[in-house]
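> Quick one: the structure is below, and I'll ask about it shortly.
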Amino acid sequence: MTGHTPKGVWVSERISPGGGLFENAVTTYWYKSKPVTVMPKKLQLHKNIVPVLRTVSKKLNYDIWTKDQLVEEISRLRRRKKYGLVWEEKPEDVVEQCKKELPILKEVSKYAIKNSKDAPTNIIIEGDNYHALSVLNYTHKGKIDVIYIDPPYNTGNASWRYNNKIIDAEDAFRHSKFASFIQHRLKMAKSLLSPTGILVFTIDDYEIHTCRLILDEIFGEENRLGTVVIVHNPRGRNDDRYFATMHEYALFYAKNKNLAEVKKFEFNEEALLSQFPHKDEISNYGVVSYMRTGNNSDRNTRPNLYYPIYARNGELSLKKERGSIEIFPINVRGEEKTWRWSKGTFLEKYRTDILLKESGGKLRLFKKRRPEIVGGTKPKTIWFDPKYDASSHGVVLLDSLFNKRGVFPYPKSLYAVIDTLKIVSEKDSIILDFFAGSGTTGHAVLELNKEDGGNRKFILCTNNENNIATDVCYPRVAKVIEGYTNSKDKQVSSLGSSLKYFKTVFVSAEQNDKNKEALTKQATEMLCMREDAFDQVKETKSLKIFKNTKQYVGIVFDENSIAVLKKDIVKLGGQWSIYIFSLSDETFEEEFGEIKQKIKVSPIPEAILRVYRRLFQI
Ligand SMILES: C[S@@+](CC[C@H](N)C(=O)[O-])C[C@H]1O[C@@H](n2cnc3c(N)ncnc32)[C@H](O)[C@@H]1O
């Protein structure tokens, strides 16, 4: 009830919670099961104030509103200030599913490829990437160096699904659905990145604005490294009505801009010749003025870089001598600038790296630029090169690889991905693509490793829509690893490496002892992935042992087997990571007494459940 009741109107119930808050505002009440708008007394005194319907409750029962009231409400909602993202309200099925079932991995062993002992083990995960990312939050939290993703572009061409329904141009909420879909996944992905990690997100004009807002929100605007325009269709899209689109975008974000590094591209032949056309006894070189120009080049910004240099008979010195000519960093407009180096560096390097030239009757100084010092070409924001053409180096490449046409319509150019990885990865990086499609990212990782002798590993996740995982992604990667004959009958040699293929499957999320035991038994693949150890050394009913080149991994399903494991540890030696089934968080560390230093013990499934409780709020 309220004191602002207009005469003749009986107010049965207030809609607004906490009436005091709205003392000076127009307020809506229930009257005979209909909302009625009234004004506070103070405002009613001003006859030019017209009441507006102000809905203040979160739970409005629109069923009982009149048509006029509904029309007014719709137009009010339409007029509301809008900037930013509108989320899809209906939860995503795959997200809800995780409240009842927990995702785990199951290996499809017929797809495993094993090469030399030291070859890195790459991973393909078939399933919805929401589930794959959940699993990775246990196995790879903070360990991924680069995430490269190329999600569906939501063009309205029925190219992706939300809640198992194809989303096309008719769906009025397709942008909100896309925003929710991307946000759920990016949030999970961010925690996988290492402190120096970088995410590369490709998209085109349909959703770039949505994605920029989401990425800015999740990563922070300050961690935006750059936006690159990639000309992936140099002919232009024929079916565009007004402009023939030639490009898409790659958005680069760092987990932490202060720790991330974007490398330079190595100079190619052409750049070397054009930028470094001269040669001396040290190397090729180009020249730039020894006087600074541009920002921070005025004398007052760095006074110690303003000093005279003396030239006599073609020789340079910091000492004035009889007959020498004094040169100051003063430009043609008479402005006092600075030199590029301090006096100390000048003295160290002037014999090899400074040139004295006469131009326009004046002596001028130049600094030599050497390719190894410059280090490469800084990546530019427009990538325009035939090698980025997604048709010839994506669609046609795939057709040639499979020796048939129409394998997959949306692959990236292999070289667009290779070049991206060149500037954001190290030789031993772990690279994740959770919209892997035909597996271009895996192919690019293998090619780049071959080119620079790297040891990068990839994790590819894709659903199996139109059999993309089993009939395109896997066979493509397998062909590249093992070598193949292309459509021109040319033998393409093997790029080596090893591969494991997993599917996402589920165990009950209800946390009773029976389910915890079941989760432990089925978590082996996740533990092997977490430790990157896939070579099985021993398997009994209650104990499994795996190894990689650095350590052993023991999984104990029954604490009575700890004694057996201890014997194995002594026999096999080396470092150990041990997982022991425990209904609580007990680690049983004391049981290992004398060999404690060699081992790290973790209880399962509690550590997995902790991650899932945080992700799914179960
Ligand atoms: C644009 S394509 C990526 C193409 C890839 N970059 C290439 O070069 O082949 C997007 C892929 O994401 C997959 N995808 C879409 N939604 C997914 C989801 N929720 N989980 C996993 N994969 C998904 C689709 O099957 C499609 O193959």
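Terminal number for the sequence shown in this note's numbering: 1164, no gaps in between.
Virtual Cβ for every residue (Gly too), placed ideally from N, Cα, C.
Answer yes if the stretch 699-707 comes into contact with the stretch 970-984, meaning at least three C-beta pairs across the two stretches below 8 Å, and no otherwise.
With a cut-off of 8 Å, the stretch 699-707 and the stretch 970-984 do not count as touching, because too few Cβ pairs lie within range.
> Please work out which residues of its chain come closer than 7 Å, Cβ to Cβ, to Lys1062, disregarding the five sequence neighbours upstream and downstream, and give them in chain order.
Result list for Lys1062: Leu1129, Pro1151, in chain order.
> With a threshold of 7 Å (Cβ to nearest heavy atom), would Ile760 be considered close to ligand 1?
Incorrect: Ile760 has no Cβ contact closer than 7 Å to ligand 1.
> Between the alpha carbons of Thr898 and Ser835, how many angstroms are there, rounded?
One C-alpha to the other measures close to 15 Å.
> Rounded to whole angstroms, how far is the Cβ of Thr1066 from the Cβ of Phe1127, which I believe are closer than 8 Å?
Their Cβ separation, rounded to whole angstroms, is 5 Å, which keeps Thr1066 and Phe1127 in contact under 8 Å.
> At the level of alpha carbons, what is the spacing between Tyr1125 and Val1147?
Computed Cα separation, rounded: 6 Å.
> Measure the C-alpha to C-alpha separation of Leu606 and Ser1088 and round it to an integer number of angstroms.
C-alpha separation (whole angstroms): 57 Å.
> Applying the criterion that 16 or more other CB atoms from any shown protein chain within 10 Å of the CB defines a buried residue, is Lys723 buried or exposed?
Lys723 should be labelled buried.
> Give me, in chain order, the residues of the same chain whose beta-carbon lies closer than 8 Å to that of Glu904; leave out the 5 immediate sequence neighbours on both sides.
For Glu904, where only same-chain residues beyond five positions count, the Cβ hits under 8 Å are Arg910.
> Exposed or buried, Lys914, counting other C-beta atoms within 10 Å across all chains shown (16 or more means buried)?
The residue is buried, with at least 16 neighbouring Cβ atoms inside 10 Å.
> Can a CB atom of chain C be found closer than 8 Å to the CB of Lys723?
Chain labels in this structure do not include chain C; a single protein chain is all it has.
> Can you tell me the Cα-Cα spacing of Asp542 and Phe930, whole angstroms?
Since the first residue shown for the chain is 547 and the last is 1164, residue 542 is missing from the structure and cannot be characterised.
> When DSSP builds the beta bridges, which residues end up paired with Tyr730?
It should be noted that the sequence gives His, not Tyr, for residue 730. Paired residue(s): none; His730 is not in a bridge.
> So is the beta-carbon of Ser621 under 7 Å away from any non-hydrogen atom of ligand 2?
Among the ligands in the structure shown, ligand 2 does not appear; only ligand 1 can be found there.
> Specify, as a first and last residue, the run of the beta strand (DSSP E) that Asn675 falls within.
Asn675 -> not in any beta strand (DSSP E); alpha helix (DSSP H) instead, spanning 675-685.
> Is the Cβ-Cβ distance between Asn848 and Leu947 less than 8 Å?
Per the sequence shown, the amino acid found at residue 848 is Arg instead of Asn. Taking 8 Å as the Cβ cut-off, Arg848 and Leu947 do not qualify as a contacting pair.
> Taking the straight line between their C-alpha atoms, what separation do you get for Leu1173 and Val1102?
Because the chain is modelled from 547 through 1164, residue 1173 falls outside the range shown and cannot be assessed.
> Taking only the alpha-carbon atoms, compute the straight-line gap between Phe798 and Asp696 and give it to the nearest angstrom.
Cα to Cα, the separation comes out at about 12 Å.
> Okay, do the stretch 707-721 and the stretch 654-668 touch, 3+ Cβ pairs below 8 Å being the bar?
Verdict: no, contact absent.
> Exposed or buried, which one is His824 when buried takes at least 16 other CB atoms within 10 Å?
Exposed, since its Cβ has fewer than 16 Cβ neighbours within 10 Å.
> Let me check you understand the geometry: is the CB of Ile659 closer than 7 Å to at least one non-hydrogen atom of ligand 1?
Flag unset: Cβ of Ile659 not near ligand 1.
> Excluding five sequence neighbours on each side, which residues of the same chain lie with their C-beta closer than 6 Å to the C-beta of Lys809?
Result list for Lys809: Ile969, in chain order.
> Curious, which full-length alpha helix (DSSP H) runs of at least 4 residues does the stretch 1073-1136 contain?
Counting whole runs of 4 or more residues, the stretch 1073-1136 contains the alpha helix (DSSP H) stretches 1108-1118.
> Do the stretch 837-855 and the stretch 877-896 touch if we need at least three Cβ pairs shorter than 8 Å?
With the cut-off at 8 Å, the stretch 837-855 and the stretch 877-896 touch.
> In the structure shown, what three-state DSSP assignment does Val777 receive?
Strand, per DSSP.
> Which runs of the alpha helix (DSSP H) at least 4 residues long sit entirely within the stretch 693-764? Give them in chain order.
With a minimum length of 4 residues, the continuous alpha helix (DSSP H) runs that stay inside the stretch 693-764 are 720-736.
> Verify whether the separation of the beta carbon atoms of Phe1092 and Ala1079 is less than 8 Å.
Their beta carbons are under 8 Å apart, which means Phe1092 touches Ala1079 by this criterion.
> Within 10 Å of its beta-carbon, does Val1099 have 16 or more other beta-carbons around it, so buried, or fewer, so exposed?
With 16 or more Cβ atoms within 10 Å of its Cβ, Val1099 is classed as buried.
> By the three-class DSSP mapping on this structure, what secondary structure does Tyr795 have?
Three-state result, Tyr795: strand.
> If we count Cβ pairs, one from each stretch, closer than 8 Å, do we get three or more for the stretch 835-845 versus the stretch 872-891?
Flag = yes, the stretch 835-845 and the stretch 872-891 touch.
> Among Ser959, Arg758, Glu812, Gly869, whose alpha-carbon lies nearest the alpha-carbon of Val920?
Minimum Cα distance to Val920 is reached at Glu812.
> With DSSP as the reference, identify every bridge partner of Lys825, one or two as the case may be.
Answer is Asn830.
> Less than 8 Å between the beta carbons of Lys958 and Thr986, yes or no?
Yes. Within cutoff.
> Our contact map puts Val963 next to Ile650 with C-beta atoms below 8 Å; I'd like the distance itself, whole angstroms only.
Contact doesn't hold; Cβ gap of about 29 Å is too wide.
> Would you mind reading off the limits of the beta strand (DSSP E) that contains Thr1050?
From DSSP, the beta strand (DSSP E) with Thr1050 extends over 1044-1054.
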